[in-house]
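Here the structure is laid out as structure tokens; the discussion comes afterwards.
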Amino acid sequence: MTDATVYFEDIEVGDSFTFGPLTVSREETIAFAAEFDAQPFHLSDEAAATTHFGTLSASGWHTTALFMKMFVAEIQRDPGRQAASLGAMGVDELRWLRPVRPGDTLRGTSEVIDKKASQSRPEMGIVRSKVTILNQDDKPVLTMMPIAMWRTRPV
49 MTDATVYFED IEVGDSFTFG PLTVSREETI AFAAEFDAQP FHLSDEAAAT
99 THFGTLSASG WHTTALFMKM FVAEIQRDPG RQAASLGAMG VDELRWLRPV
149 RPGDTLRGTS EVIDKKASQS RPEMGIVRSK VTILNQDDKP VLTMMPIAMW
199 RTRPV
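Quick look at the structure:
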């Protein structure tokens, strides 16, 4: 960890870091689904038993939100990295690969796969990463490619 700001120019293709772990609870799985994705298989084991899920599974959107919770917590451990983060422009290729269930423990990796200076906003650059979220069995449950904006070094 460093207090030195990590600017766009300091980020290299291939840079990576890990984040997590976080254990998913039954209560939060149901609460998230009840508010944001109230499909029966996200709300009860009985309803899930009649589907290909078999048992209660978290909404994919919940899994994505859990990624964000772990990712931001890790970024905030490094004030220099947090200082240059300008948010995201979107996500490419979001995939929910297998169900996340209550009791699962998730962790993730993020690897820089591309970067380019903004043509219209010289004060920022664009960084694309490949994110993989794994469960406790080291099986991927989510992959995606966030597109983030990073502050460039002042001249």
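Numbering (the working numbering), first residue to last: 49 to 203. Virtual Cβ for every residue (Gly too), placed ideally from N, Cα, C. On a predicted model such as this, the values are computed, not experimentally measured, just so you know.
| request: Drop a sphere of 10 angstroms on the beta-carbon of S168, count the other beta-carbons inside from all chains shown, and report buried for 16 or more, exposed for fewer. | output: exposed
| query | Under a three-way DSSP split, which group does E75 fall into? | reply | helix
| Whole-angstrom C-beta distance between V61 and D162, which should lie under 8 Å | 7 Å
| query | Under 7 Å, do F101 and P147 count as touching if we go by C-beta distance? | reply | yes
| Quick one: what's got a C-beta closer than 8 Å to F119's C-beta in the same chain, skipping five residues either side? | F67, G156, S158, V179
| message | Buried or exposed for A21, going by 16 or more other Cβ atoms inside 10 Å? | response | The structure shown does not extend to residue 21, since the chain spans only 49 to 203, so no value can be given for it.
| Taking the alpha helix (DSSP H) that A113 falls in, what are its first and last residues? | 108 to 124
| So which of M197, A196, I181 has the shortest CA-CA distance to L190? | When each option's Cα is compared against that of L190, the closest is I181.
| request: Pull up the CB-CB distance for G151 and V72, whole angstroms please, since I reckon it's below 8 Å. | output: The C-beta separation of G151 from V72 comes to about 7 Å, placing the pair in contact by the 8 Å criterion.
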